Structures are given as structure tokens and as C-alpha cells.
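Note that the sequence shown covers residues 1 to 811 in UniProt numbering.
Every residue gets a Cβ at the ideal spot worked out from N, C-alpha and C, and that includes glycine.
If you're wondering where the values come from, they're calculated on a predicted model, not measured in any experiment.
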Amino acid sequence: MTHSPQQSLYSSRPVAEIDLAVTGMTCASCVSRVEKKLNKLPGVRAAVNLANEQAHVDIFSEGTQLSDEDFINQVKVAGYDGSVIRRANLTPSGKRDVQTDAAQASAAEENAELSHRARLASLTRRFWVSLALFIPIVGISMIPALQFPGWQWLVAALSLPVAFWAGAPFHISAAKSLRHGATTMDTLISLGTLAAMFYSLWALLWGGAGTIGYTMTMTGIHSMAHGGAPHLYFESAAMIVTFLLLGRRLELSSRRSAGDALRALISLGASTARRTRRADGSVVDEVIPAAQLEVGDVFQVAPGEQIASDGVVVTGNSAVDASLLTGESVPVEIGPGAEVTGATVNAAGSLTVRTSRVGADTTLAQMGRLLSRAQSGKAPVQALADRISAVFVPAIIAIATGTFAVRLALGNPLEAALTSAITVLVVACPCALGLATPTALMVGSGRAAKIGALIAGPQILESAHRVSAIVLDKTGTLTAGEMVLDGVAPANSQPGSEGQPGSEGQAEGAARSGSKSQGDPAEVEATRGEVLRIAAALEDHSEHPIARAIVRGAQKRGIFVPGHVEEIAEFSNEAGRGVSGKLGDSLIRAGSVRWMDELGVDTSRLADRLRDFAQTGASVVVVARDGIALGALAVRDTLRPKAREALEELTQAGLRPVLATGDNEETARAIAAEAGIADVRAGLLPDQKLQVVEELQAGGEAVAMVGDGVNDAAALAQADLSIAMGSGTDVAKAASNITIVNSDLRTVPAALRISRKTLRIIRQNLLWAFGYNLIAVPAAVLGFILPGLAAAAMAGSSVIVVLNSLRLRRA
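Below you can see the structure in the form of C-alpha cells.
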């Protein structure tokens, strides 16, 4: 982030903030120019996000007099178009008073999205037309056997649309930069293309190259076989435009995808709310847009609906799916007085909620801001070409101009001087530089895709080779993210006996016989199969994730087949506690230990098994018949297959694993011990996961983050390298640099290895591209390279880059 000198004098807390949509940016130098212009305003600190093509501006007390037009004008002065998405005043307590209406914000974001799609479609169209014409242009120009009489006129005609129509984005960008006193890589691309074209057209029309019978070779030495006619560079212009259009299109697609995380995150919120009471106490019954809720309003949430905003439960008991915040696969049981978060899902009973935070102050909106700001950092690999171009481009232009002037001063003919200047521009044209990243990325990412990993773009590779710590989420990352039945313990069983292979099947016959003793509770015994059968019959009437896990477990073991057991009557769901119903003449209950204690059910005979289950981090369900505990079931999220193997490979590669999860301490440590992780951070909210990443980075670590949920998105964006499991949410995948499509944790170390090799290839390509120029440009200045050799050298440098990139197929 760029700051103006006086910003160190600003107060530490901004009093307002504004978000701008900025269109027309193509590279890091564009971002830098917009930031510099915005930061010249008094009392302003701006950060421009290329991924979502927005600028976030913090306004301090010194800048409160600035209007929206002042910011838009600064963007326009930098050479781009801008519009205000939203503006908010900040209170001392941190509350946001949004000044921009939702319709204006939506329109600004929609216009920015349409602009992006139009640019991408334009680049795609220009690339395919350019490629179709490029093939005959280069083939005829470089292979003398294909040069029929008058071939040069056909090549010239084919080159015109390539250079001037397909290459128009480079020319327009270069013109805009020059108008504002700046140069970018587009400047050199445009100059090289135009120089090659105009010189070739001059040679064709007035220099003698248009003579029928003219031939041209790519020997690198200006052939005199055509009576001293000058060389043509149509194929160079076509090559420049075609390859760089491909690179630009890949860059735009990759860069924009990072911004999808924000759009996906925002879309998670509920769109409407059923308000039953206004903040002023008036009773209503109306469905309104969720954005119109005010603090103090009371709204109703039906089962299966999203909670419209952050608030406190007034009435009702339910299970709420809070994985959005905690990643916890088990819904959280809530009742009156419990805090709930907007965009989470009410899984069971009906709730009424009093709003505590709305709009920009909600947890979901705060997560969006965390993600946006984490994405605003600069990627070294992505910015490398533009940083070098700041010196390289003006230097090449100066060298070409100087060469032309010196040769004229030394008495060289005009054509010789012009030829040398053109040669400098052609030989220095950054075609190889344009191919360095996209070709390596295409081959490397293709190789990674074969093993189940999707690499988002070149910006992530700078970090892959230096990662020293890896932070892993638990649910959905280390574990499968789906509750499974992990143990069954009858009240008469001994510790360690539960879960023996085949025991359920052996007990099934006894269970179906219906035999049970009466009398002293201590004598009431049930087999493991009977406990599971009874629990499954009851839980089959519930949609709770724990209930479904019990039913699936019983079906898998052959203990329970729907429709083949006695029907449950008088089924009742006690939200937050458990379920009950009549099976024959018996009252059956299945629920938490706390509920059983409230009902007076004696669970002392299960004490040892309950303790064992708890130590594994399992959720425990006690099954009781007629007030007597029959047994307990353990339901838990299980470690992914081969997860320990993957962790061992990461450790051997020198990475320190850290488990960061929203789950409780017992569950987290149980999973960590099973996976072989010593460093455990449990009970974390999204901002605390982000803090774990920042803490490790502050300690000098380069951090990789592996996650799968919305709650991981901010930490994923902040990490030096972010990796999302393919079974996770779209937000997590959009925020990630690498997506593990097959959700196999072993793919993570393999993806890191390929990423490192890809970065190494990119660096080799860049080293070649610029090293080649360090040799070729002086040789062109001194006259050792004539135009034909310049064109061949430029083409050869591109071929070398492609061949080097193809080595990644064996990575």
C-alpha cells in the first residue's frame, strides 16, 4: 500500500470509508497509479484491489470535506473510470452508518462486472482471429518453399487486422499511459508491433520488397538475393500480438477469479425477513428485504430458513447450522437468550429473533471486509514484469532512439539508421516475457489437475517455494465433514469392548426376539444390536445430522431396515435435547446426557463408556427405554483416509502443521493426536483463524492455509498460500490459490511440489527473456544483428520459453 508522507500525521481511527469500482486496470502499475492519485487527497489512505477491481479508502478527520466526486475525479486523472459503490460514516464505537443506498451499490457492481465480461469477451475474440491469421503469416514468412510470387502482399494483408485490430488493446493502453506520462509493458508491445508493421509497409511500398519474385529467409543475415531489398517483419508483429493476447486473456481470467470469493460471500446472506415487531414496539406481520431490518426489530425464522441478521433468540428452541462461522459439522443447540448469526441456517424449530446488528455491522459483512483487505496485498510474481518494465521499457525506447541518432551522426544512410533502431525494438520485444508465466502456468497447472489440484494463477507461486508452516482446518479438511456412527456401548458392556467387528450382527437375532428382563434396573440389559436398532427406529423420524448418522450406521451394519421394524408412535422432538416416541408399549428416548439427567435416567452404568467417547471428541447419544438407560452411541466426524500419511509428507518437506478449528478443545485434540499434529488452536471464530495466520507470519513464517468453509475464507486470503478442499464451499474455493478437487489431503504436498517447480520454471523463463535482451540489444546497437536475425532471435526466444515450460509435464 502506498501512503503519502502526511498520512503518518493522521489519527489512528478513520471517521469514514468509501468503496469505489475502478474499471480499465490491467496490471500492478495501474493499481499503483490509482493508489498514488487517491493518496494525494488530504486525510486519505487508499488500497486498490486488482482482484475485484475496487478501491477501499479510509477517510480520516482531515478528509471529511471530500465528496464522492473528488474521489471519482482522482481515478479519472489516473486514466481510469470510477464509480462509488458505497460510503459509510464510522462512529467511535465502530458502527457503520451507510450513506449509499443499496440500488446504487448494486448498479455500480453490476456495471463493473459487465465491463469485465466485455473485456474478456473482446480479448477472446481478438485472440482467436489473430491465431487463425498468425498461422499462415508465420508459415509463409519463415519457410521459403511456401513463398509463391507475390506472397508478401498476402502476408501484409493478413497482418493488418492482426496488428491494428487484434492488437488494439495494447495500443489503446499504451496511448492512455503516455497521455498521463507513464509507460508500461503495453508501451513496448505497441511500439514493437507498430515499428515492425510501419517499417514493413514502407519496405513493401517504397523499399523494393514488394517486387514480384522477392524472397526472404530466416537465416539471421539480411539476404541480398532480392537485390538489396529490406527485410519484412510482418510475422514478428503477428507473433507479438497473438502470444501476448493469449497471456493477457489468461491473466484477466485468473485475476478476476480471486474476486469471486467476495461475490460468493455476499450472496450467502438471506434476501428477505419476516418482521413481527418493529424496534419501536409496534406489532406487524410483513415480509421485507433483509437489508431493511433495523436494530431492535424482531423477525421470525421458520425451520430450514436462513437467519436474516445477527441477533438474540427471543422465543423458540432449535438446532442452528453454524458451520458458516465455526466449521463445526454438528448444529448448535440454541434457545431463548442465545446469540445467532445472519446467514446461518435454522435446522429445526421455529425461532423469533431480536436484531442486534444489521447491514455493514453483521458478522457476514465483517467477514467480507476481512477477505477484501486480505486480498489487497501485492503478489511479487504477478507484479514482476511491470516493476521491471518501469526501467526496461523507457530504456529500450531510449536505446533505439539513440541508436538511430548516432548512426545518422556517423554518416550512415537513413535506411541503415532506421533499420538499426527497428532492430533494437524488435529484438527487445517482450514476446518471451509474455509467454514466461502463462505457458509455465498452463503446463504446470495441467500436470497438477491430473493429480486433482487446481492452481488458480501465477500470483500464488512466489509463496509455494518458501512455505514453512501449514495451518489446517479440521472439519471438511482433516476430517470428512460428515457425521458417522463411531461406537455403540450397551449399559452392560465393559470399557473397550464396544465396536468389535461383527458384534452387532451377532446380537441382531437377540434384538429381534424382543427378549428383555423386567424388574431391577440393574438387570435390564440390551445387546449392542438392540440399542442401535431401537435408536435408529426412533431417529429415523428426525432430520438432525446426528440422527441421520445413526440411521446410516444401523443400515450399514444390517441392524435397521426402514419399514421392517415396529412403527414409532407419538414421536416428539425436544429441540436441543433429543427425541422420544412409543415403540410398542415402551417409551423410548434418545438424546444428550444432560437431558437424561434432567429426566432422572440413571447413566452411572455408562459412566466409563461416556468418558471414553468424550475423550475421542465424539457427540454422545444415550438411549433409554421406560426411563432405564440401555446404552450410548458415539457419533463423530472421522479423519480423512490417508490424512496422517499426508501430514507426515508435509512434515518431511519441512512444514510445521498447525490445527486451527472452531471445534471444542477435546474434539480438536483427539483429531490432532490421530493425525499427528502437536500444535492445536481450538474454539476459533473466523477473525481468530485470521489472527493465527497473521501471528505465524509476524513470527517470520511463510504460511499455507488449508480449509473448506466460509469461515476459512479470510484466513485463506491472508495466507501466503491458500488451499481449499474440493468438497468445501464455493467461497473457500474462490478465496484459494489451489483447490484440491478430489479432497484427498495427500494431494496437498504434491500440489506444493508442482507449484514450486512451476515457479522455478517461470523464473528460468524470465531470466532467459531478460538475459537474452542483455545480449541481443547491445549486439543490435553495434550492428552485429541485422533485422532478419532479430526476428529469428525473437521467435527463437519464444520457442525456448515454451520448450522449457513443457518440462513441467514430468513434474
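Rounded C-beta distance between residue i and residue j? I'm assuming under 8 Å.
i           : j      : result
Leu639      : Val748 : Not a contact, Cβ separation roughly 15 Å.
Thr193      : Ala237 : 5 Å
His465      : Leu204 : That belief does not hold up - the Cβ atoms of His465 and Leu204 are roughly 49 Å apart, past 8 Å.
Val34       : Ala88  : Wrong, their Cβ atoms sit about 21 Å apart, outside the cutoff.
residue 816 : Ala618 : Here the chain covers residues 1 to 811 and nothing more, so residue 816 does not appear.
Ser352      : Thr475 : Residue identity differs from the one stated: residue 352 is Thr in this sequence, not Ser. Not a contact, Cβ separation roughly 29 Å.
Mind checking whether residue i and residue j have CB atoms under 7 Å apart?
i      : j      : result
Ala590 : Val620 : no
Val799 : Asn765 : no
Ala308 : Ala270 : yes
Leu478 : Ala643 : yes
Asp70  : Thr23  : no
Leu721 : Ala704 : yes
Phe127 : Arg249 : yes
Phe571 : His544 : no
Ala491 : Ala629 : yes
Ala273 : Ala319 : no
Ser805 : Val443 : yes
Ser468 : Glu701 : yes
Ser130 : Leu245 : yes
Ala112 : Glu17  : no
Gly316 : Ser350 : yes
Leu655 : Ile470 : yes
Ala453 : Ile761 : no
Val241 : Val162 : yes
Ala21  : Ser67  : no
Ala343 : Gln300 : no
Ile422 : Ala195 : yes
Ser159 : Ile189 : no
Leu610 : Ile550 : no
Just mark residue i as buried or exposed, buried being the case when its beta carbon has 16 or more other beta carbons within 10 Å.
i      : result
Glu668 : The sequence shown places Ala at residue 668, rather than the Glu named in the question. By the 10 Å Cβ count, Ala668 comes out buried.
Glu235 : buried
Gln74  : buried
Gly641 : In the sequence under discussion, the amino acid at residue 641 is Pro, which differs from the Gly named in the question. The residue is exposed, with fewer than 16 neighbouring Cβ atoms inside 10 Å.
Lys689 : buried
Val283 : exposed
Lys40  : exposed
Trp595 : buried
Asp597 : exposed
Ser122 : exposed
Ser173 : buried
Ser32  : buried
Thr419 : buried
Thr64  : exposed
Ala405 : exposed
Glu286 : exposed
Pro686 : buried
Asp19  : buried
If I measure Cβ to Cβ from residue i and keep anything under 7 Å in the same chain, skipping five residues before and after, which residues do I get?
i      : result
Pro14  : Asp58, Ile59, Phe60, Leu90
Leu191 : Ile397, Leu425
Ala279 : Glu294, Val295, Gly296, Asp297
With a CB to CB cut of under 8 Å and the five nearest residues on each side skipped, what residues in its chain are close to residue i?
i      : result
Leu803 : none
Arg605 : Ala491, Asn492, Ala522, Ala629
Arg746 : Lys642, Glu645, Ala646, Glu649
Leu408 : Leu414, Ala417
Ile568 : Ala537, Leu538, Asp540, His541, Gly581, Lys582, Leu583, Ile588
Using a Cβ-Cβ cut-off of 6 Å (strictly less than) and excluding sequence neighbours within five positions of residue i, which residues of its own chain qualify?
i      : result
Ala448 : Ile455, Ala751, Ile754
Arg354 : Val298, Gly311, Val312, Val314
Ser586 : Arg625, Asp626
Glu666 : Gly617
His180 : Gly79
Gln697 : Val703
Phe560 : Arg533, Ala536, Ala554
Open item on the list: So, does the segment 199–211 touch the segment 114–132, judging by three or more C-beta pairs under 8 Å?
Closed with: Contact fails: fewer than three Cβ-Cβ distances are below 8 Å.
Open item on the list: When you compare the segment 652–672 with the segment 685–693, are there three or more beta-carbon pairs, one atom per stretch, that lie closer than 8 Å?
Closed with: Because the criterion of three Cβ pairs below 8 Å is met, the segment 652–672 and the segment 685–693 touch.
TODO: Determine, using beta-carbon pairs with one atom in the segment 284–296 and one in the segment 332–339, whether at least three such pairs fall under 8 Å.
DONE: No contact exists between the segment 284–296 and the segment 332–339.
Open item on the list: Three or more C-beta pairs under 8 Å: does that hold for the segment 771–783 against the segment 480–488?
Closed with: The segment 771–783, when compared against the segment 480–488, does not touch it at the 8 Å Cβ threshold.
Open item on the list: Between the segment 210–217 and the segment 136–156, can you find at least three pairs of beta-carbon atoms closer than 8 Å?
Closed with: In this structure the segment 136–156 lies against the segment 210–217, because at least three pairs of beta carbons, one per stretch, are closer than 8 Å.
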